Amino acid sequence: RPRLFSGMQPTQDSLHIGNYLGALVNWVQMQESFNAIYSVVDLHALTVDVDPDVLRQRTRATAAQYLAAGVDPAKSAVFVQSHVPEHAELTWILSCLTGFGEASRMTQFKDKSAKRGSEGTNVGLFTYPILMAADILLYDAAKVPVGEDQRQHLELSRNLAQRFNGRYGETFVVPEPHILEATAKIQDLQNPTAKMSKTSPTGTIDLLADPKVTAKRVRSAVTDTGREIRFDEAEKPGVSNLLSIYSALDGRSIEQLESDYDGKGYGDLKKDLAEVVVGVVGPIRERATELLSDPAELDRILAEGAERVRPIAAATLARVYDRVGLLARR
Ligand code: TYM
């Protein structure tokens with residue numbers, strides 16, 4: 012079975028429906044045919060200022076949502092990134108192969124550092140995509156299921172793998188992104204020309220939110236002028252986003268939904284979608300809450316996951332250290 016790796020940052024308690032549809036749904040499907048490894052990437056989450064206890068809580072909450080959404084620890088390894096120190100170690104080696112200009116061109120870095128200013132931007136934010144490359148390359152992952160916003164980071168991972176292989180001989184598998192177009196970019200409900208993101212206050216649908224709040228958010232989503240329910244991202248970004256979410260959750264195609272809502276209003280669409288969303292997200296929230304009520308059991312699952320993957324990471328790192336000429340430890 013080919014190997015697969017993916018991860019999410021524990022930067023909030025709750026994941027949102029963009030994380031769910033863009034990535035998590037694929038994770039659950041792909042664990043059937045791949046040797047899947049899913050990480051809560053806590054080291055990545057340190058690039059923003061966070062209270063230590065809050066980070067611990069979010070790390071468990073993120074893991075609980077993986078499981079609640081259907082990631083099965085009997086099939087997939089689920090672990091916390093910092094439990095496998097090889098991630099940080101490989102990052103150093105790869106950072107010595109990354110051009111300063113190359114890293115400077117990462118659009119997520121450019122956007123975030125522009126917002127924070129140079130004093131507010133830490134170097135971790137700059138090297139973040141290199142840590143991500145290390146995550147993937149450590150496990151010889153052939154596929155990486157992510158949303159559209161990670162495409163450029165994946166390209167960097169591929170370039171680093173190829174560069175290392177070219178210089179030191181075949182060492183890494185060159186990973187391929189797995190991005191499903193229909194759900195790769197879920198937009199913010201209040202601002203449908205921008206990506207739904209964990210930092211937008213009211214434009215998200217959160218997996219752990221109270222169903223009443225969720226329903227209200229869907230019903231108050233920004234729609235467009237006009238009244239026709241039609242998929243047209245340029246002219247009707249709000250309605251198109253709702254149709255994408257609807258279709259992904261309910262299984263009906265966009266064309267089918269357009270015809271089913273022919274002659275109906277935005278209000279009807281949003282009311283029905285609110286029910287569909289609550290029907291999917293509600294049970295995930297319940298299972299996650301249940302899992303979080305037993306942190307010891309959750310920690311046990313995470314420890315087991317780390318134990319399973321650590322030998323793979325250690326073997327890769329040993330191979331890399333040898334290739335680059337670090338003197339073997341005896
Ligand atoms: P993160 O934590 O920001 O997001 C987790 C996953 O959710 C996807 N995603 C979306 N998909 C569709 N629509 C959206 N609005 C949306 N918002 C987020 C992301 O593409 C991602 O798949 N750098 C990564 C975490 C990471 C990683 C890795 C991923 C670290 N190491 C190794 C894969 C492999 C990130 O910040 O994801």
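All residue numbers for the sequence shown refer to the UniProt record's numbering, where the first residue is 12 and numbers rise by one.
Beta carbons are placed, not taken as given, at the ideal position from N, Cα and C, and that holds for glycine.
The model shown is predicted, which means the values in this text are computed figures rather than measured ones.
Determine the direct distance from the alpha carbon of residue j to that of residue i, and round the result to whole angstroms.
i	j	result
G276	E239	7 Å
V52	G290	29 Å
L54	F120	16 Å
D60	A145	23 Å
T194	N37	10 Å
P63	T70	11 Å
L35	R341	42 Å
E269	G29	22 Å
K282	S258	15 Å
G81	Q163	28 Å
M207	Y49	22 Å
N202	D333	50 Å
D151	C107	20 Å
G274	R228	24 Å
N46	P84	12 Å
L15	L328	18 Å
F90	I216	25 Å
E297	Y31	16 Å
L302	S255	30 Å
P140	I147	11 Å
From this set, the options, which residue's C-alpha is nearest residue i's C-alpha?
i	options	result
S93	E166, P21, G278	P21
N170	V185, A326, V157, D122	V185
residue 2	A245, A205, L337	Residue 2 is absent from the structure shown; the chain starts at 12 and stops at 341.
D305	V65, A74, G128, G249	A74
D24	R67, V233, G128	R67
T210	K123, L284, S17	K123
residue 346	L105, A226, V250	Since the first residue shown for the chain is 12 and the last is 341, residue 346 is missing from the structure and cannot be characterised.
T300	L78, A324, E266, L200	L78
E308	G33, A72, Q198	A72
Determine the DSSP secondary structure at residue i, reduced to helix, strand or coil.
i	result
K126	helix
L15	strand
I28	helix
Q198	strand
S304	coil
Y272	coil
P156	strand
S106	helix
D53	helix
T137	Checking the sequence shown, residue 137 turns out to be Phe, not Thr. Looking at F137 - three-state DSSP - the assignment turns out to be helix.
P188	strand
I147	helix
D235	coil
F90	strand
K247	strand
residue 3	What the structure shows of the chain is the stretch from 12 to 341, and residue 3 is not part of that stretch, so it cannot be assessed.
K209	coil
Here's the rule I'm using: 16 or more other beta-carbon atoms within 10 Å means buried, otherwise exposed. How should residue i be labelled?
i	result
A125	exposed
G110	exposed
K154	buried
T118	exposed
A314	exposed
L338	exposed
T236	exposed
V65	exposed
A226	buried
P188	buried
Flag residue i as yes when its Cβ comes closer than 6 Å to any non-hydrogen atom of ligand 1, and as no otherwise.
i	result
V155	yes
G33	yes
D83	no
N30	yes
G158	yes
I147	yes
S251	no
S25	no
K196	yes
G214	no
K206	yes
Does at least one heavy atom of ligand 3 sit under 6 Å from the Cβ of residue i?
i	result
H98	Looking at this structure, you won't find ligand 3 anywhere; what it does contain is ligand 1.
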